[in-house]
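Quick notes on the structure that follows.
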Amino acid sequence: MASIWTQPMRGWPTDGIDTETSDSQAETERVLLATLTTQPPAPPKLLAKGLHASYFGKYLLNLPAPYASLDASRPWLMYWCLHGFDLLGVALDMPMRQRGVDTILSFQDPKGGFAGGPAPGHQAHLLPTYASVMALAILNVPEAWEQIDRKGMYEFFMRCKRDDGSFVVCEGGEVDVRGIYCLLVCATVLDIMTPELVKGTDKFLQACQTYEGGFASAAWPTGSLDPNMPTAAAAAEAHGGYTSCALFSHFLLRPVCTASSTEIADIDTHALLRWAVMQQASAMEGGGFRGRTNKLVDGCYGWWVGGLFAVLEGLVRGEDKSGNKADGSADGEWEDEIGRDMLFNRVALQEYILIAAQSSKGGLCDKPGKNADLYHSTNNLSGLSSAQHFVSHSAKQVSLNRESWQASEPPRWLADKLEASGESTADTERRRKEVWANALGWVEDADAIDIVGGEENRVNTTNPVFNILILRLKPFVNYFYGQK
Amino acid sequence: MSTLLALQKDLQQELQLMNEFAEENLKSYQVWHHRLTLITHMEPQLSELTKEIDFIHDSLMPDPKNYHTWAYLNWLYSTFSNLPEERGGDRFSSQSWMAELAWCERMLDSNYRFSRSRSTEGHEWLSDKVELLSGDDKVDEHVIGRGDGRNNSAWSWRWYLVVSRKGAKLDAKTELEYALSQIRAIPHNASAWNYLRGIHKHFKLPLSQSLPAILPFSTTPAPSVTSSIPRKPPPVNTPANPDTPLPVPFAIEWLADCNAEQAAAKSSSDAYADAAGLYHELAERWDVMRKTYWRFRQTEMLRRASDLKRAESVAAAAQEA
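Taken in order, these protein sequences are the chains called R and S.
Going by this note's numbering, 473 is the number at position 275 of the first sequence; the sequence numbering is gapless.
Going by this note's numbering, 765 is the number at position 271 of the second sequence; the sequence numbering is gapless.
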């Protein structure tokens, strides 16, 4: 794997034509080169864990004035701090966790779902619902998990649903794939995934894929009557954040389709893979990721784009093999050729985060010269985690999970609803088992760990797709599915 | 919003207020979404939509890659070209679409400068008119935006206008030539290469069709690239730009993909091996950052080549028997 220090430090050629894009690119290269030249190639820079932990600690309890504009994103601020602590291996004591739980539960909308702040004044919204649910998983207080109003949340989800399979982010709000992702994660972990809820969603996601291979924020109907033309078209250009949400959403829908033996509306995984690898910036830009073609490198895409590969590797390699080798078991032919390298440059991404994205005062940022913030801090650390740890979705693990499934029932109100819709209890259980078995199908190959700068720089393993630690996901999901 | 609608407040006035907000909050989801809700309720006619489109175009001048703004522009055209008959049907004329495409081409023209022009009546600078300046620098202070062939947002908008919208009448040849002319102007422009690739794929045109235009960019300083596809020496005047370092990695990738395409079409294990060799060069020399990806592509080619060879030898053995 090629470290940035072994590669030519060349700026992206301007071909003699200067435009706004090449001007800002050149400026960014200048800034990054200035930072790179302050660093010796060896030893690699340290991850300032103590500084970053204090940064999260400071912000968890007391936010400075500029964060007032994020008053409607309080669950996100908590999720970023808590997941940041988790990645760095900082444990919270019980009174602190209880305080966190009380705060998050105060964001629950009386009609279901979570809002950006306490009611009244804030209404349920899909994005803070994800952040709240993940924060509760991280806080790991099972007594609090019972307080999640799953029935209310399900009804909120159904109120957001539109005919084309998409969802608005809140009542009267906009449609985009961030909301879909947040909803599907919650429906998966809380055992409220139903065919009714996700009808048409796979097709909507399919239409969001652009000609470049990445995904846009949404897709609008084209009104086309030509059967050879798609009925919806991407609403904008391919973008790292939306691509992450769209691919993970697609992935979360797969077990629902498998369980009912229906074909999922497919996406072009090879085009997506090409788009994703092409977002990795050059050595002179430090080897981080950009979020769109011809835009600038930014630390936050370490997770949005770098985090795609755990899923992509499985999809691309899995489909190239007739025998499901997506689990990376040692008998795969490609194994001999590629070993446990990742399809992106995992070393270069780590170098970017260590060298270019650490703020000297603690916290992580977009690029040198920018201020740290919670969003960039956690996204950089999640990106770092996915570059250090080799985690794959294991067909073997999924099948072991299926075997260990213990008969259980969904919540009563949901069981009644499904029965009324004509679904047999056997079909319900098959789907729940499949969704559960896949959610917990992620395994880390401990031998394939690769930490730039050595053990001291290790962060904990984040779970692909969900973005909380693997060890946090399991007890949480098992609780709701009645599994051990 | 519901308060506004209940009050029957003058939505036009609210939209005006939003103009001022938008200038300060261009990167906010809510501002654009509020605008979207307002205009939906206004049931606008083409003239009002034209004003709104001018406003969007103007907003893009200082911030030409603003995702929300482009998504709103897309939504506006998608929605008001798809209204059901009972809501008045399609609002746009073919002239509207032509004007939008012309604007998009100016956005992608790296030599173009957008400027405000003086109103005939007063001394105000009109915000809804942009036109080409004759000279380059003489009225620089009036330049409010520059065309940029690397603006990927504008490329994606072009795709919508000529490929994915309802009623798009695509001339694939024009699009190929457009993308190639942009590549000739800026050979390392990833946006133009992605667009060219997209057109080929969408219309199932073989990559080899554009190969003659691309070969000059795959020229290497040392004779390291091997391929069974015959490569003519590049014409003396291309690539147009003497500042372009060669080869352009995108061109090597194109050549490799052409080999892979021909290998699949002709079941040729040699062509697979050629493709593998080119991916290998990308991995080791021209695009080392993506080494593992190119090696993945290389491995795939070698596997297909050996599968073919195995099948051939099985067939030969069967024939002997």
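Think of the CB as a built atom: it goes at the ideal place given N, C-alpha and C, for glycine as much as any other residue.
{"Item": "Which class does G639(S) belong to by DSSP, given the choice of helix, strand or coil?", "Value": "strand"}
{"Item": "Please list the residues of the region 640-656 of chain S that have a C-beta atom closer than 7 Å to any C-beta atom in chain R, keeping them in chain order.", "Value": "R640, D642, G643, R644, N645, N646, S647, S650, W653, Y654"}
{"Item": "Residues of the region 561-573 of chain S with a CB closer than 8 Å to any CB of chain R: list them in chain order, please.", "Value": "Y561, W564, A565, N568, W569, S572, T573"}
{"Item": "Do the region 573-593 of chain S and the region 636-651 of chain S make contact, defined as three or more Cβ pairs closer than 8 Å?", "Value": "no"}
{"Item": "N543(R) versus chain S: which residues are under 8 Å apart at the beta carbon?", "Value": "M783, R784, K785, T786"}
{"Item": "Using the Cα positions of V657(R) and A757(S), report the straight-line distance between them to the nearest angstrom.", "Value": "45 Å"}
{"Item": "If you drop the 5 nearest sequence neighbours on each side, which residues of the same chain put their C-beta closer than 7 Å to that of E531(R)?", "Value": "Low confidence applies to E531(R): its pLDDT is 40, below 50, so where it sits in the model is not reliable enough to give any reading."}
{"Item": "Looking at the structure shown, is H591(R) part of a helix, part of a strand, or coil, going by DSSP?", "Value": "strand"}
{"Item": "Which bits of chain R does R659(S) rub up against, with CB to CB less than 8 Å?", "Value": "T420, A431"}
{"Item": "Closer than 8 Å, CB to CB, is T491(R) near chain S or not?", "Value": "yes"}
{"Item": "For E435(R), decide whether its Cβ has a neighbour in chain S, counting only Cβ atoms nearer than 8 Å.", "Value": "yes"}
{"Item": "Does DSSP put R376(R) in a helix, a strand or coil?", "Value": "helix"}
{"Item": "Should S541(S) be labelled buried (16 or more other beta-carbon atoms within 10 Å of its own) or exposed?", "Value": "exposed"}
{"Item": "Do the CB positions of I746(S) and L772(S) come within less than 8 Å of each other?", "Value": "yes"}
{"Item": "Which residues mark the beginning and the end of the beta strand (DSSP E) in which V633(R) is found?", "Value": "Note, V633(R): premise wrong, no beta strand (DSSP E); alpha helix (DSSP H) at 623-637."}
{"Item": "Quick one, are the C-beta atoms of A432(R) and A405(R) less than 8 Å apart?", "Value": "yes"}
{"Item": "Which residues in chain S have a C-beta closer than 8 Å to the C-beta of G516(R)? List them in chain order.", "Value": "Residues of chain S passing the Cβ test: none, with the nearest at roughly 13 Å."}
{"Item": "Less than 7 Å separating the Cβ of P578(S) from some heavy atom of the ligand SAM?", "Value": "This structure lacks the ligand SAM; in fact it carries no ligand of any kind."}
{"Item": "Listed from N- to C-terminal order along the chain, which residues in the region 360-375 of chain R have their beta-carbon within a distance smaller than 9 Å of any beta-carbon of chain S?", "Value": "V367, G370, G371, E372, D374"}
{"Item": "Starting from A436(R), trace the alpha helix (DSSP H) in both directions and tell me its first and last residue.", "Value": "Looking at the DSSP string, A436(R) is not in any alpha helix (DSSP H), and its letter there is neither H nor E."}
{"Item": "With distances taken between CB atoms, is the gap from L570(S) to T563(S) smaller than 8 Å?", "Value": "no"}
{"Item": "Hey, could you find the ends of the beta strand (DSSP E) P419(R) is sitting in?", "Value": "417-419"}
{"Item": "Locate the alpha helix (DSSP H) running through W569(S), then write down its first and last residues.", "Value": "561-574"}
{"Item": "So which residues of chain R does G692(S) contact, with C-beta pairs closer than 7 Å?", "Value": "Y409, E410"}
{"Item": "Check A765(S) in the structure and name its three-state DSSP category.", "Value": "helix"}
{"Item": "Since I680(S) meets chain R, which of its residues come closer than 7 Å, beta carbon to beta carbon?", "Value": "D213, I215"}
{"Item": "Go through its chain and collect everything with a Cβ distance to E579(S)'s Cβ below 6 Å, but skip five positions before and after it.", "Value": "none"}
{"Item": "What whole-angstrom Cβ distance do L388(R) and Q345(R) have, given they're in contact under 8 Å?", "Value": "That belief does not hold up - the Cβ atoms of L388(R) and Q345(R) are roughly 12 Å apart, past 8 Å."}
{"Item": "Under the DSSP definition of a beta bridge, which residues are partnered with L667(R)?", "Value": "T660(R)"}
{"Item": "Using the Cα positions of G620(R) and A457(R), report the straight-line distance between them to the nearest angstrom.", "Value": "16 Å"}
{"Item": "Helix, strand or coil for L577(S), going by three-state DSSP, please let me know.", "Value": "coil"}
{"Item": "What distance in whole Å lies between the Cβ atoms of A436(R) and G398(R), which are believed to be in contact at a cut-off of 8 Å?", "Value": "No, G398(R) and A436(R) are not in contact; Cβ-Cβ is about 22 Å, not under 8 Å."}
{"Item": "Sort R208(R), R538(R), E372(R), W501(R) by Cα distance to Q548(R) and report the nearest one.", "Value": "W501(R)"}
{"Item": "Run through DSSP, which three-state label would K247(R) get?", "Value": "helix"}
{"Item": "Quick one: is W210(R) near chain S, going by C-beta distance under 8 Å?", "Value": "yes"}
{"Item": "Where DSSP assigns a beta bridge to R488(R), which residues make up the other side?", "Value": "V495(R)"}
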